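Structure (structure tokens):
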């Protein structure tokens, strides 16, 4: 969950590394550091807190060099501090390591190294790596690193430099955390996220499991942990560098919310035929006959992606008439799940690198299940390891709180339901055309919702000082209650719960009083009358109701304290539109509370550790 960058080339590495590092701050921001080889010696500068603090350190005590690594941290081992910030050095101060992931046997390694006389400065698991490399670096940087790798266990990505080999930068990947090598005009780059280096190159080599990149100023060589040469194909990235700018808006989150009409369309535009209703997934990896043999679907995800899976369950069961289970990925892999060759396991992840979801995917695949990934990053671990992949086409998402990837996932699941339904014969061509036609209206309807943002600003002004929120929904809209509550607690630090409205009377109703805002998701549909009854129950306890309703609904408007109405569309697509006001409300409340909207405390964007 940390950000790694590196550079070796003809230019001064420090301004390049700092620029790249700022584009990775969403991956971790409780400390930062940089190390370069300056005049043959390793120089390191580190600081607790955000990258701006590191910039101030460099202004007072500048360094320069043409090879270096940098890091922005999300703490796993050791509290945020200067000492625990990366890069980490060995006893002699000749080796520097930046690290993403976890070294599982670090305690035993540290104990053994201390017994041999090694002195440690930090509480981190990372520091053991620099000491292990130190033991053999005099005999060769590359061989010392390979020997060190034989001793450590875990999933990790590393960037390593040494003053003993000032013309080399080593990159290592083992297991989950991603790592790419960027090919520039005047040097090579290292990054844990492509977004970091888009200003410098769009040509990358994606490191796979158990691979090492040996970078010099004019060459990149890839080997396996066993020392065997690995041939790589250059991947060209289509994203624009402007995608990682705010475009004049105050926060990335707000920019990404406003991008949703386009990202929704991008997700379906190239895979649907509006005339025939046919959905075509070129990388789905499963034949029609394999899909026909599927008897059940198992979906695995974490956080916001789990909420999209819960919506997907309703859509898949409604259109495909197939039983669907949804699991939190971190629970799935440890409960001896029952999956087999007739099960389709769908893993959903924004990054395609989420450690728990990737582990659950491997568990299902190991039991013989067919597997499909829904993710936003081309060539991610999940997309490569699953039998097939559906890309959400949301583009780079910088804000920690997922917004546009959530709605893109909902679109992808809707399309998958049409695709699977057609393969299984539960959806006729005529119905598929109707479903696709409705989907094509969503971007325009999303624009209509976003235009009314000022109404949500005023709503947030009325409630930003509340301590608790309750979100209620039923049926396919229940997951939206969970997602609305998650967004609020993530970025505003207000305690919020999402609940099935029918369960309110089994406990949460005890919380309701005049100080408790209750966000009720009550569009017209098959459960509308039930939701009206739930609103009555809240009002009878002096609760304050904020209702999301269908356009023209006068009944709920007469009962609720505040109403936000949405365009009418089918129940299967309405969750996409409902997500928008829930996201905006959370954003504006966080702004009024002076919270860091894009980088909320204790969180990071891509969770690559368990």
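Numbering (the working numbering), first residue to last: 3 to 612.
All C-beta atoms in this analysis are idealised placements derived from N, C-alpha and C, irrespective of residue type, glycine included.
Quick caveat, the model's predicted, so the values are computed rather than measured.
- It is roughly 28 Å from the alpha-carbon of residue 354 to the alpha-carbon of residue 86.
- In the same chain as residue 532, and ignoring 5 residues on each side of it, the C-beta atoms closer than 8 Å to its own belong to 476, 503 and 504, in chain order.
- In the three-state DSSP reduction, residue 265 falls in the helix class (H, G or I).
- Fully enclosed alpha helix (DSSP H) runs of no fewer than 4 residues occupy 480 to 494 and 530 to 542 of the region 476 to 553, in order along the chain.
- Under the DSSP assignment, residue 377 falls in the beta strand (DSSP E) whose first and last residues are 372 to 377.
- Bridge partners of residue 161 according to DSSP: 100 and 173.
- Assignment of residue 564 by DSSP, reduced to helix, strand and coil, places it in the strand class.
- For the pair residue 209 and residue 236, the CB atoms are not nearer than the 9 Å cut-off.
- Counting only the Cα atoms, residue 200 lies some 11 Å from residue 21.
- DSSP lists 302 as the bridge partner or partners of residue 329.
- According to DSSP, residue 217 shares a beta bridge with 171 and 222.
- Around the CB of residue 465, 16 or more other CB atoms lie within 10 Å, so the residue is classed as buried.
- Pairing residue 205 with residue 413, the inter-Cα distance amounts to about 29 Å.
- Between the alpha carbons of residue 202 and residue 262 lies a distance of about 27 Å.
- Under the DSSP assignment, residue 571 falls outside any beta strand (DSSP E); it carries neither an H nor an E label.
- Taking a C-beta distance under 9 Å as the contact criterion, residue 437 and residue 321 qualify as a contact pair.
- According to the DSSP secondary-structure assignment, residue 345 is paired through a beta bridge with 298.
- In the DSSP assignment, residue 33 falls outside any alpha helix (DSSP H) and within the unbroken beta strand (DSSP E) covering 33 to 40.
- Here the region 338 to 349 makes contact with the region 288 to 302; the two share three or more CB pairs at distances below 8 Å.
- Collapsing the DSSP output to three states places residue 336 in coil.
- Residue 50 carries a strand assignment under DSSP once its states are collapsed to helix, strand and coil.
- Contact annotation, residue 173 with residue 215: C-beta distance approximately 4 Å; criterion of less than 8 Å satisfied.
- Cβ-Cβ distances below 7 Å link residue 150 to 131, 134 and 135 in the same chain, with the five nearest sequence neighbours on each side left out; the list follows chain order.
- According to the DSSP secondary-structure assignment, residue 105 is paired through a beta bridge with 156.
- DSSP, reduced to helix, strand and coil, places residue 398 outside both helices and strands of the structure shown, so it counts as coil.
- Between the region 511 to 525 and the region 474 to 489, the count of Cβ pairs shorter than 8 Å is three or higher; the stretches touch.
- Around the beta carbon of residue 429, a 10 Å sphere encloses 16 or more other beta carbons of the protein chains shown; the residue is thus reported as buried.
- Annotation: residue 355 is outside any beta strand (DSSP E) and is labelled neither H nor E by DSSP.
- Under the criterion of beta carbons closer than 8 Å, residue 589 and residue 493 qualify as touching, at roughly 7 Å.
- Out of 7, 375 and 454, the CA that lies nearest to the CA of residue 285 is found in 375.
- Relative to residue 517, the option among 166, 507 and 540 whose CA is nearest is 540.
- Taking a cut-off of 8 Å for Cβ pairs, the region 507 to 514 and the region 442 to 461 do not touch, as fewer than three such pairs fall below it.
- In the three-state reduction of the DSSP assignment, residue 407 falls in the helix class, which pools H, G and I.
- For residue 87, no beta strand (DSSP E) segment is defined, and its DSSP state is neither H nor E.
- DSSP, reduced to helix, strand and coil, places residue 120 outside both helices and strands of the structure shown, so it counts as coil.
- In the DSSP annotation of this structure, the continuous segment of the beta strand (DSSP E) that includes residue 73 starts and ends at 69 to 75.
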